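Colleague:
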Amino acid sequence: MKSKVRHLVEQNGTYSFKPSRMMRAAGFGGKQFGSDLQAATAYIEAQNAEWDRIRNQTADPETVITGTFATLIDRFEKDPTWYGKKAQATREEIDYAFRFIRERLGHLTVRLIERRHGRAFYNKLRVDEGFSVHKTRRIMKWTVRLLWYAIEIGVRDDHPWQKLDMEQPDGRKEVWKPDEIAAVIKAAEAGGKADSGNLIPPRPSVALATRIAYDTSLPQQDILALTWEQFDGDGLTVRQIKPRGERNELWLPLSAETRAILLAMSKRKASTHIVVSEETGLPYTDRRIFSRAFRKARDRAGIAEKTFQDIRRTALTELGNKGATETEITKISGHKIGSRVIDVYVRPDKSAAKSAAAKRWGTRQKPKVS
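With our numbering, letter number 79 in the sequence shown gets 479, and the count goes up by one each step, no holes.
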């Protein structure tokens, strides 16, 4: 006689759970119960209830039914919020990470993933495949967000890899010297000649952005977004694109030289934005174009490996070396007091120790020699 319990199969007096193809794709596995009908019935009815809940909790049950990582990635990449509204550079980072995830996890059922699998995946990338800490963390970052998305669309109820312990990569320590900053500004303003013999036009926009970065420690994205309304003749009022502290709006003073350049430019401005591409007369909507122009100026100045982002560390380090307090530094950087900004960005040298000693003892006198 056929059982009234779905997916309960009896054969020669033994009972088993035989989930459908769709149930197996969603992570349900078969199970044998021998002759214990009561145990089989209780277990299978619970599995059927869970399956009904899964099918009914989302407007798109197919996403749950075929719940592999490959399917989840496909759905993520079609989502207008989680993927579509991201900047081009972010989407490229997602695509880069998803390529590795799809190759290694694509066939696995999302509902069956446990925390131990996260540790195994991390170790596989770091040990078996020899990926760097930075590369591994980048892949893990988007795997973790993919699992958050699984919760969002009803594939899972929990996040098994939340706060997974991972190694911290060594932070960058590069700091620009003042004469190196000056050399890049000069190279950008002058232009030059490429190895091919082609002339490289001057890039005053790159020189200006470099000046502003050195004065204010602002990240590249905030500098490229600056408008003339934010300049009051003495400094810039900035609302950070990436919030870092309790107060996101900052007023940042500018050096006399930068102020003079901006005041002269403001009289003949042809754009709402301060930093404008010479090629288009428009703001840099693609940061990669600006970055490429900056690297060319840096290379012509004979400076290797230092980045535009390193200018932020340089500005904050110089503040620390001149005796600025943590409160003063965070008022410029936009971070909260007590954040890791001091450890991450500020790389004090001997002058910081001398400044601290001067504050403690006043002007130091040369020791008397008896």
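A virtual CB, placed ideally from N, CA and C, is assigned to each residue, including glycine. As the structure is a computational prediction, the values presented were derived from the model and not from experiment.
#1: Between A497 and chain B, is there a C-beta pair that is closer than 8 angstroms?
#2: Using CA coordinates, which residue listed in I444, G430, L564 and Q620 is at the minimum distance from T536?
#3: Excluding the five sequence neighbours on either side, which residues of its own chain have a C-beta within less than 8 angstroms of the C-beta of Y483, listed in chain order?
#4: Leaving aside the five residues before and after Y684 along the sequence, list all residues of the same chain whose C-beta is less than 7 angstroms from its C-beta, in chain order.
#5: Quick one: measure Cβ to Cβ for T637 and E649, integer angstroms, because I've assumed they're closer than 8 angstroms.
#6: Give me whichever residues DSSP pairs with E592 in a beta bridge.
#7: Return helix, strand or coil for G518, following the three-state DSSP convention.
#8: Which runs of the alpha helix (DSSP H) fall wholly inside the segment 480–519 and span at least 4 residues, in chain order?
#9: Quick one: which unbroken beta strand (DSSP E) runs of 3-plus residues sit fully inside the segment 403–450? Chain order, please.
#10: Taking only runs of the beta strand (DSSP E) that begin and end inside the segment 602–663, which ones reach a length of at least 3 residues, in chain order?
#11: Per DSSP, V676 is paired with what?
#12: Can you tell which of G518, A470, A701 and S655 has the C-alpha that lies nearest to the C-alpha of D579?
#13: Do L716 and I737 have their beta-carbon atoms positioned less than 8 angstroms apart in this structure?
#14: For the alpha helix (DSSP H) that V544 lies in, which residues bound it at each end?
#15: Could you spell out where the alpha helix (DSSP H) holding T714 opens and where it closes?
#16: Tell me, to the nearest whole angstrom, how far the beta carbon of I600 is from that of A594; I am working on the premise that it is less than 8 angstroms.
#17: Drop a sphere of 10 angstroms on the beta-carbon of E567, count the other beta-carbons inside from all chains shown, and report buried for 16 or more, exposed for fewer.
#18: Taking D570 as the reference, give the member of A550, R538, H534 and V584 with the closest Cα.
#19: Is it the case that the segment 665–675 contacts the segment 541–560, given that we only count it when at least three CB pairs across the two stretches are under 8 angstroms?
#20: Thinking C-beta only, is G434 closer than 8 angstroms to P419?
#21: How far does the alpha helix (DSSP H) with R475 in it extend, from its first residue to its last?
#22: Take the Cβ of D460 as the centre, count every other Cβ of all protein chains shown within 10 Å, and call the residue buried at 16 or more, exposed below.
#23: Along the alpha helix (DSSP H) that carries T727, what are the first and last residues, could you check?
#24: Let me confirm a value: T616 is counted as buried when at least 16 other C-beta atoms fall within 10 Å, else exposed. Which label applies?
#25: Less than 8 angstroms between C-beta atoms, sequence neighbours within five positions excluded: which residues of the same chain meet that for A470?
#26: Cα separation between I729 and P653?
#27: Which of the three DSSP states is assigned to I465 in this structure?
#28: Taking C-alpha atoms, which residue in T672, N412 and K706 lies nearest to E574?
#29: Is M566 helix, strand or coil by DSSP?
#30: Would you say R583 and I661 are within 8 angstroms of each other, going by their C-beta atoms?
#31: Going by DSSP in three states, K706 sits in which element: helix, strand or coil?
#32: So, with DSSP's three-state summary, where would you put D460?
Modeller: Quick answer:
#1: In the structure shown, chain B does not exist; there is a single protein chain.
#2: Your numbering for residue 536 matches position 136 in the sequence shown. Measuring from the Cα of T536, the nearest candidate turns out to be L564.
#3: For the purposes of this step, residue 483 is identified with residue 83 of the sequence shown, where counting begins at 1. Contacts found: F476, E477, R491 and I494.
#4: Indexing the sequence shown from 1 puts residue 684 at position 284. Around Y684: L624, V675, S677 and F690.
#5: Residue 637 sits at position 237 when you count from the first residue of the sequence shown. Residue 649 sits at position 249 when you count from the first residue of the sequence shown. So it is a contact: roughly 7 angstroms between Cβ atoms.
#6: Numbered from 1 along the sequence shown, position 192 holds the residue referred to as residue 592. Checking the sequence, you will find Gly at residue 592 rather than Glu. Answer is I600.
#7: Taking the first residue of the sequence shown as 1, we reach residue 518 at position 118. Helix at G518.
#8: 488–505
#9: 408–411, 414–417 and 431–434
#10: 635–639 and 649–653
#11: Position 276 of the sequence shown holds residue 676. Beta-bridge pairing links V676 to P683.
#12: Indexing the sequence shown from 1 puts residue 579 at position 179. Among G518, A470, A701 and S655, the Cα nearest to that of D579 is on A701.
#13: Counting from 1 along the sequence shown, the entry for residue 737 is found at position 337. Counting from 1 along the sequence shown, the entry for residue 716 is found at position 316. Against a cut-off of 8 angstroms, the Cβ pair of L716 and I737 comes out as no contact.
#14: Taking the first residue of the sequence shown as position 1, residue 544 is located at position 144. Run containing V544: V533 to E552, per the alpha helix (DSSP H) assignment.
#15: Within the sequence shown, numbered from 1, the residue matching residue 714 stands at position 314. Segment Q709 to N721, the alpha helix (DSSP H) holding T714.
#16: Counting from one through the sequence shown, the residue named residue 600 turns up at place 200. Counting from one through the sequence shown, the residue named residue 594 turns up at place 194. The Cβ separation is near 6 angstroms, so the contact holds.
#17: Locating residue 567 in the sequence shown gives position 167, counting from the first residue. Counting Cβ neighbours within 10 Å, E567 comes out exposed, since fewer than 16 surround it.
#18: The residue given as residue 570 occupies position 170 in the sequence shown. Answer by Cα proximity: H534.
#19: The segment 541–560 and the segment 665–675 do not touch, with fewer than 3 CB-CB distances between them shorter than 8 angstroms.
#20: Locating residue 419 in the sequence shown gives position 19, where the first residue counts as 1. Locating residue 434 in the sequence shown gives position 34, where the first residue counts as 1. The answer is no: Cβ separation not under 8 angstroms.
#21: If you number the sequence shown from 1, residue 475 lands on position 75. That run of the alpha helix (DSSP H) goes F469 to K478.
#22: Position 60 of the sequence shown, counted from the start, is the residue given in the question as residue 460. Residue placement at D460 is flagged as unreliable, the pLDDT there being 49, under the threshold of 50; a coordinate-derived value is accordingly withheld.
#23: The residue labelled residue 727 in the question sits at position 327 within the sequence shown. Unbroken alpha helix (DSSP H) run through T727: E726 to S733.
#24: Counted from its first residue, the sequence shown places residue 616 at position 216. So T616 ends up on the buried side.
#25: If you number the sequence shown from 1, residue 470 lands on position 70. Answer for A470: R502, G506 and H507, listed in chain order.
#26: Taking the sequence shown and counting its residues from 1, the one referred to as residue 729 is at position 329. Taking the sequence shown and counting its residues from 1, the one referred to as residue 653 is at position 253. Taking the straight line joining both Cα atoms gives about 13 angstroms.
#27: Position 65 of the sequence shown holds residue 465. In this predicted model, I465 has a pLDDT of only 47, less than 50, meaning its place in the structure is not dependable; the value taken from the coordinates is given anyway. Looking at I465 - three-state DSSP - the assignment turns out to be helix.
#28: Working through the sequence shown from its first residue, we reach residue 574 at position 174. That would be K706, whose Cα lies nearest to the Cα of E574.
#29: The residue labelled residue 566 in the question sits at position 166 within the sequence shown. Coil.
#30: Looking up residue 583 in the sequence shown gives position 183. Looking up residue 661 in the sequence shown gives position 261. Note that residue 583 is Ala in the sequence shown here, rather than Arg. Result no, Cβ atoms of A583 and I661 do not sit closer than 8 angstroms.
#31: Along the sequence shown, read from residue 1 onward, the residue named residue 706 stands at position 306. DSSP, reduced to helix, strand and coil, places K706 outside both helices and strands of the structure shown, so it counts as coil.
#32: Working through the sequence shown from its first residue, we reach residue 460 at position 60. Confidence at D460 is low in this model, with a pLDDT of 49, below 50, so the placement of that residue should be treated as unreliable; the coordinate-derived value is given next. The three-state reading of DSSP puts D460 in coil, since its state is none of H, G, I, E or B.
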